[in-house]
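Peer 1: Residue numbers (the numbering used here): 463 to 823.
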Amino acid sequence: SNRVVVDWKGQPRGGDLRPRIVIHDADGNPIMLANGQEARYLLSLDSVLSVENGQDVHAGDILARIPREGGKNRDITGGLPRVAELFEARKPKDFAIICDIAGRIEFGKDYKNKRRVLIVPEGEGAEPVEYLIPKTKRIAVQEGDFVERGDLLIDGNPVPHDILRVLGIEKLAEYLVNEIQEVYRLQGVKINDKHIETIARQMLQKVEITEAGDSTFLIGEQVDKQEFELENAKLLAEKLKPAKADPVLLGITKASLQTKSFISAASFQETTRVLTEAAINGKVDYLRGLKENVIMGRLIPAGTGLEYYRRARIAGEDIVDTVEQEPENPMDALSVFDDDAKSLFAGGLDDDEPSPMGDVE
């Protein structure tokens with residue numbers, strides 16, 4: 463028969479109990495690990511013991527097992543909800559907790575239904591970070607372990623927003639690509655990473671202002687990343703204080719509705735609301751993206767549709783001597799555009815072309 467750890471809180475005077483396995487030497491003294499801590503292993507609820515009291519154990523022996531769910535659907539229909547969860551940037555049902563800082567694990571006094579875990583940084587003067595973890599969750603670390611920033615404290619899928627906040631944009635993009643590829647890889651479907659990376663880039667197109675500086679932005683306002691960088695470049699050129707911002711992760715539905723092109727947004731969802739808001743604000747769509755140009759029946763600003771190539775002339779034998787010298791910077795050929803437009807795909811409307819909204823005052 464197997465011995466299983468039951469809910470000790472329901473036992474009389476069980477509030478101070480902490481189920482664990484301690485390894486002793488031949489003299490009955492606790493064995494010390496390399497980090498100076500006792501060789502003791504805390505047991506979570508429903509753990510199945512694999513050893514008996516007083517049994518001799520060796521390095522690598524299994525002390526206890528934790529039951530896991532089995533028989534989950536592993537076909538593509540079972541994996542697609544996971545893909546939708548990632549692309550919509552939703553919080554997973556059984557999400558993992560990741561470490562905000564690097565440090566050593568300590569267990570504090572437990573609460574009624576929560577287990578108190580502290581991460582104590584090694585630097586002097588740094589404050590420890592406290593986590594309250596439900597007792598039904600399995601903790602993936604032991605007391606005295608050293609954890610790095612971003613390590614998982616409990617099992618599960620981490621929240622994408624937490625990865626962005628703790629580890630940054632590159633680690634988040636790497637996580638999204640790996641998780642989505644894992645679903646399709648099980649079915650033998652090969653997808654180039656660049657397609658998923660393109661979607662991830664659109665999900666990270668916004669930033670949230672944390673310090674306004676000398677800009678016109680408001681704290682907490684979400685603005686387009688390109689608009690933010692252009693505004694900061696102007697402020698630095700004028701020797702003014704630039705704004706500061708943190709990246710924001712949006713789901714693909716919300717990101718599509720918050721694009722700068724109202725034609726692109728209106729063709730996706732909530733057409734009436736998008737067009738009404740655009741009319742009230744007097745917005746002008748400069749057709750700098752792909753989707754809005756397709757809708758309007760224009761060449762997309764990509765490849766030969768770029769303004770630079772549309773203005774290029776092929777020199778024949780009769781005009782070899784009259785062809786203009788190619789500019790050093792291809793963007794210099796776009797004299798009809800301001801600096802803002804040149805940085806945005808080098809496409810869109812010319813100054814002498816009428817805007818889709820007409821003249822807006």
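Quick reminder that beta carbons are idealized off the backbone N, C-alpha and C, glycines included.
If V603 and I563 are in contact, beta carbons under 8 Å, what's the gap, nearest whole angstrom?
Peer 2: Within the sequence shown, the letter at position 141 stands for residue 603. Within the sequence shown, the letter at position 101 stands for residue 563. That pair is no contact at about 14 Å.
Peer 1: Measuring alpha carbon to alpha carbon, tell me which of E605, P620, G606 ends up nearest G612.
Peer 2: On the sequence shown, residue 612 is found 150 positions in, with the first residue counted as 1. Measuring from the Cα of G612, the nearest candidate turns out to be P620.
Peer 1: Helix, strand or coil, according to DSSP, for A662 in the structure here?
Peer 2: Locating residue 662 in the sequence shown gives position 200, counting from the first residue. In the structure shown, A662 sits in a helix (DSSP, three-state: H, G or I).
Peer 1: Given a threshold of 16 other Cβ atoms within 10 Å of its Cβ, counted over all protein chains shown, does Y771 qualify as buried or as exposed?
Peer 2: The count along the sequence shown starts at 1 and reaches residue 771 at position 309. Y771 is exposed by the Cβ-count criterion.
Peer 1: At the level of alpha carbons, what is the spacing between K753 and V545?
Peer 2: Mapped onto the sequence shown, residue 753 falls at position 291. Mapped onto the sequence shown, residue 545 falls at position 83. Their backbone Cα atoms lie some 23 Å apart in a straight line.
Peer 1: May I have the straight-line CA-CA distance separating G570 from L680, to the nearest angstrom?
Peer 2: Here residue 570 refers to the residue found at position 108 when the sequence shown is read from its first residue. Here residue 680 refers to the residue found at position 218 when the sequence shown is read from its first residue. Going by the C-alpha atoms only, they are around 41 Å apart.
Peer 1: Please return the same chain residues whose Cβ sits closer than 6 Å to the Cβ of A551, not counting the five positions on each side in sequence.
Peer 2: Working through the sequence shown from its first residue, we reach residue 551 at position 89. So the list reads P622, L711, G713, once near-sequence residues are dropped.
Peer 1: State buried or exposed for Q731, treating a residue as buried only when at least 16 other CB atoms are found within 10 Å of its CB.
Peer 2: On the sequence shown, position 269 is the one that residue 731 refers to. That one is exposed.
Peer 1: Ends of the alpha helix (DSSP H) at L648?
Peer 2: For this step, residue 648 is matched to residue 186 along the sequence shown. Careful: L648 lies outside any alpha helix (DSSP H) and carries neither H nor E.
Peer 1: How about K722 and D676: do their beta carbons lie closer than 8 Å?
Peer 2: As a first step, residue 722 is located in the sequence shown; it is residue number 260 there, counting from the start. As a first step, residue 676 is located in the sequence shown; it is residue number 214 there, counting from the start. Not a contact, by the Cβ cut-off of 8 Å.
Peer 1: Anyone know if the C-beta pair for K576 and I595 falls short of 8 Å?
Peer 2: Translated into positions along the sequence shown, residue 576 becomes position 114. Translated into positions along the sequence shown, residue 595 becomes position 133. Against a cut-off of 8 Å, the Cβ pair of I595 and K576 comes out as a contact.
Peer 1: Where G682 and G765 are concerned, what is the direct C-alpha to C-alpha distance, given to the nearest angstrom?
Peer 2: Position 220 of the sequence shown, counted from the start, is the residue given in the question as residue 682. Position 303 of the sequence shown, counted from the start, is the residue given in the question as residue 765. If I take the Cα positions, the gap works out to 37 Å.
Peer 1: Considering only the alpha carbon of each residue, which of V466, H486, I725, A707 lies closest to V746?
Peer 2: Counting from one through the sequence shown, the residue named residue 746 turns up at place 284. Ranked by how close their Cα comes to the Cα of V746, the residues V466, H486, I725, A707 have I725 in first place.
Peer 1: Pick out the complete alpha helix (DSSP H) segments inside the stretch 472–517, 4 residues or longer, and give them in chain order.
Peer 2: none
Peer 1: Rounded to the nearest angstrom, what separates M665 and Y748 at their Cα positions?
Peer 2: Your numbering for residue 665 matches position 203 in the sequence shown. Your numbering for residue 748 matches position 286 in the sequence shown. Approximately 21 Å between the Cα atoms of the pair.
Peer 1: Quick one, which of A717, L761, H520, G618 has its alpha-carbon nearest I485's?
Peer 2: By 1-based counting over the sequence shown, the position of residue 485 is 23. Out of A717, L761, H520, G618, H520 has the C-alpha closest to the C-alpha of I485.
Peer 1: Please go through the same chain and pick out, in chain order, the residues whose beta-carbon is closer than 6 Å to the beta-carbon of A728, but skip the five residues on each side of it.
Peer 2: As a position in the sequence shown, residue 728 is number 266, starting the count at 1. The answer, listed in chain order, is V736, L737.
Peer 1: So which of E769, L504, P554, L580 has the shortest CA-CA distance to C561?
Peer 2: Position 99 of the sequence shown, counting from 1, holds the residue named residue 561. The shortest C-alpha separation from C561 is found at L580.
Peer 1: Can you tell me the Cα-Cα spacing of S506 and A705, whole angstroms?
Peer 2: The residue given as residue 506 occupies position 44 in the sequence shown. The residue given as residue 705 occupies position 243 in the sequence shown. Taking the straight line joining both Cα atoms gives about 47 Å.
Peer 1: Is it right to say V639 is buried, meaning 16 or more other beta carbons lie within 10 angstroms of its own, or is it exposed?
Peer 2: Translated into the one-based positions of the sequence shown, residue 639 becomes position 177. Looking at its Cβ environment, which holds 16 or more other Cβ atoms inside 10 Å, V639 is buried.
Peer 1: Compare the C-alpha of G658 against each of V669, E700, E644, K599 and name the closest.
Peer 2: Taking the sequence shown and counting its residues from 1, one reaches residue 658 at position 196. Residue identity check: residue 658 is Ile in the sequence provided, not Gly. Looking at the Cα atoms, E644 is the closest of the given residues.
Peer 1: Mind checking which residues open and close the beta strand (DSSP E) that includes E610?
Peer 2: Locating residue 610 in the sequence shown gives position 148, counting from the first residue. Element bounds for E610: n/a, residue is neither H nor E.
Peer 1: Can you tell me the Cα-Cα spacing of S509 and E589, whole angstroms?
Peer 2: Translated into positions along the sequence shown, residue 509 becomes position 47. Translated into positions along the sequence shown, residue 589 becomes position 127. Taking the straight line from one Cα to the other gives about 33 Å.
Peer 1: Of all the options A707, I757, T678, which has the alpha carbon lying nearest to the alpha carbon of K696?
Peer 2: Position 234 of the sequence shown holds residue 696. Of the candidates A707, I757, T678, the one whose C-alpha sits nearest the C-alpha of K696 is T678.
Peer 1: I need the boundaries of the beta strand (DSSP E) containing I595, first residue and last residue.
Peer 2: By 1-based counting over the sequence shown, the position of residue 595 is 133. Segment 591–596, the beta strand (DSSP E) holding I595.
Peer 1: In the DSSP output, what is G565 paired with across the bridge?
Peer 2: For the purposes of this step, residue 565 is taken as residue 103 along the sequence shown, with counting starting at 1. V609.
Peer 1: Under 6 Å Cβ to Cβ from I762, same chain only, skipping five residues before and after it: list those, please.
Peer 2: Within the sequence shown, numbered from 1, the residue matching residue 762 stands at position 300. Cβ neighbours of I762 beyond the five flanking positions: L752, N755.
Peer 1: In this structure, how does DSSP classify P527 when only helix, strand and coil are distinguished?
Peer 2: In the sequence shown, residue 527 corresponds to position 65, counting from 1. Residue identity check: residue 527 is Arg in the sequence provided, not Pro. Correct three-state label for R527: strand.
Peer 1: Helix, strand or coil for G533 per DSSP?
Peer 2: Residue mapping note: residue 533 aligns to position 71 of the sequence shown, counting from 1. In this prediction, G533 scores a pLDDT of 47, lower than 50, which makes its location untrustworthy; the coordinate-derived value is nonetheless stated afterwards. In this structure, G533 counts as coil in the three-state DSSP scheme.
Peer 1: Which residue from R482, A488, A496 puts its Cα closest to that of R502?
Peer 2: For the purposes of this step, residue 502 is identified with residue 40 of the sequence shown, where counting begins at 1. With distances taken between Cα atoms, R502 lies closest to R482.
Peer 1: Taking only three categories from DSSP, how would you classify P622?
Peer 2: Translated into positions along the sequence shown, residue 622 becomes position 160. Here P622 sits in helix by DSSP.
Peer 1: Name, in chain order, the residues that DSSP records as bridge partners for Q684.
Peer 2: Position 222 of the sequence shown holds residue 684. According to the DSSP secondary-structure assignment, Q684 is paired through a beta bridge with E670.
Peer 1: Please determine, among D617, N491, N464, the residue with the shortest C-alpha to C-alpha distance to D556.
Peer 2: If you number the sequence shown from 1, residue 556 lands on position 94. It is D617 whose Cα lies nearest to the Cα of D556.
Peer 1: Please state if the CB of A699 and the CB of I671 are separated by a distance shorter than 8 Å.
Peer 2: Position 209 of the sequence shown, counting from 1, holds the residue named residue 671. Position 237 of the sequence shown, counting from 1, holds the residue named residue 699. No, these two residues do not count as a Cβ contact at 8 Å.
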